[in-house]
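Worksheet for the structure shown next.
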Amino acid sequence: MITFKTNLGDIKIKLDFDNAPITAKNFQQYVEEGFYNGTIFHRVIKGFMAQGGGFASGMDEKVTREPIKNEANNGLANKRGTLAMARTQDPHSASAQFFINLTDNDFLDFKNESVQGWGYCVFGEVVEGMDVVDKMTLVETGRFGFHDDVPKDEIIVESAEVDAA
C-alpha cells in the first residue's frame with residue numbers, strides 16, 4: 024500500500040503487481056525515492072480525472088527517469104478509483120505522471136497495439152480516500168502557461184510513502 028498525504032487529506036493506493044508489474048514497480052520506486060513529495064495535482068477535470076506526479080509547486084516540471092513499456096494490454100479497465108499512467112502521444116512514454124479516474128473512462132482502455140489503440144495502463148486503485156479525490160474536483164481551475172485545468176489553489180502531495188506490511 025502507498026499513502027499519499029495531501030493538503031486535502033490522505034489517499035491510500037493498492038498497486039497491482041500481478042497485472043502491471045513494470046508499472047507498479049516503477050511507481051513504487053518513485054515513491055521510495057521521495058519523488059512525489061511536494062508534487063501537485065496539476066490537472067483536474069471534474070467527471071474525468073485528477074492528474075499528478077510531474078510538477079512541483081508553481082508548475083515546476085520535475086525530471087524523471089526513462090519512460091517505461093505500456094502495459095495497458097493487461098485486461099484492467101479505467102474505472103472510477105483506478106490509477107493509470109499519463110503519457111504523451113507515444114504509447115510507451117509514461118514515466119512518473121499518473122491520474123486517478125473520477126468516473127469509468129472506458130475510452131482510455133487498451134483496444135489494440137496501434138498508436139490510437141494502446142490506451143492508458145491501469146496499475147492500481149484507491150482503497151481509501153476517494154472522498155479526498157472527489158474534493159479535488161471542487162477546486163477552481165484555470166490556465167497556467169500552456170496548461171489548462173490547473174487548480175488555482177494547489178493540491179499538494181505533502182508526502183508519499185510505502186506503508187509497512
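Using the working numbering, read the sequence shown as starting at 24 and increasing by one per residue. Each residue gets a CB set at the ideal place from its N, CA and C atoms; glycine is no exception.
#### Entry: Contact check, GLY142 vs LEU125, beta carbons under 7 Å
The residue given as residue 142 occupies position 119 in the sequence shown. The residue given as residue 125 occupies position 102 in the sequence shown. Not closer than 7 Å, so no.
Whole-number beta carbon distance between LYS35 and THR26, since they are thought to touch under 8 Å: Position 3 of the sequence shown, counted from the start, is the residue given in the question as residue 26. Position 12 of the sequence shown, counted from the start, is the residue given in the question as residue 35. Correct: roughly 5 Å between the Cβ atoms.
* **ALA107 classed as buried or exposed, judged by whether at least 16 other C-beta atoms fall within 10 angstroms** => Stepping through the sequence shown from its first residue, residue 107 is reached at position 84. Buried.
- Query: Is the Cβ-Cβ distance between THR160 and PRO174 less than 7 Å?
  - Reply: What you label residue 160 is simply residue 137 of the sequence shown in a count that begins at 1. What you label residue 174 is simply residue 151 of the sequence shown in a count that begins at 1. The answer is no: Cβ separation not under 7 Å.
### Query
For GLY70 versus PHE121, is the C-beta spacing smaller than 7 Å?
Here residue 70 corresponds to residue number 47 of the sequence shown, with the count starting at 1. Here residue 121 corresponds to residue number 98 of the sequence shown, with the count starting at 1. Against a cut-off of 7 Å, the Cβ pair of PHE121 and GLY70 comes out as no contact.
* Would the beta-carbon of ASP129 be found less than 6 Å away from any heavy atom of the ligand ADP? -> With respect to the ligand ADP, the structure shown offers nothing to examine, as it has no ligands at all.
Tell me which same chain residues have a C-beta within less than 6 Å of the C-beta of MET3, skipping the five on either side of it? With the chain running from 24 to 188 in the structure shown, residue 3 is simply not present.
(message) Among the candidates ASP172, SER182 and PRO114, whose CA atom is the shortest distance from the CA of PHE58?
(response) Mapped onto the sequence shown, residue 58 falls at position 35. Of the listed residues, the one whose Cα sits closest to PHE58 is SER182.
**Message:** DSSP three-state label for MET24, please.
**Reply:** Position 1 of the sequence shown, counted from the start, is the residue given in the question as residue 24. If DSSP states are grouped into helix, strand and coil, MET24 belongs with coil.
Margin query: Going by C-alpha to C-alpha distance, which of MET153, SER137 and ASN49 sits closest to ASP113?
Written below: Here residue 113 refers to the residue found at position 90 when the sequence shown is read from its first residue. If we check each option's Cα against that of ASP113, SER137 comes out closest.
*DSSP on THR111, reduced to helix/strand/coil?*
Translated into positions along the sequence shown, residue 111 becomes position 88. Looking at THR111 - three-state DSSP - the assignment turns out to be coil, as it is neither helix nor strand.
Residues of its chain near VAL54, where Cβ-Cβ distance is below 6 Å and the 5 sequence neighbours each way are ignored | By 1-based counting over the sequence shown, the position of residue 54 is 31. So the qualifying residues of the chain are ILE25, ALA183 and VAL185.
Open item on the list: Less than 7 Å between the C-beta atoms of PHE133 and ASN96, yes or no?
Closed with: As a first step, residue 133 is located in the sequence shown; it is residue number 110 there, counting from the start. As a first step, residue 96 is located in the sequence shown; it is residue number 73 there, counting from the start. Yes. Within cutoff.
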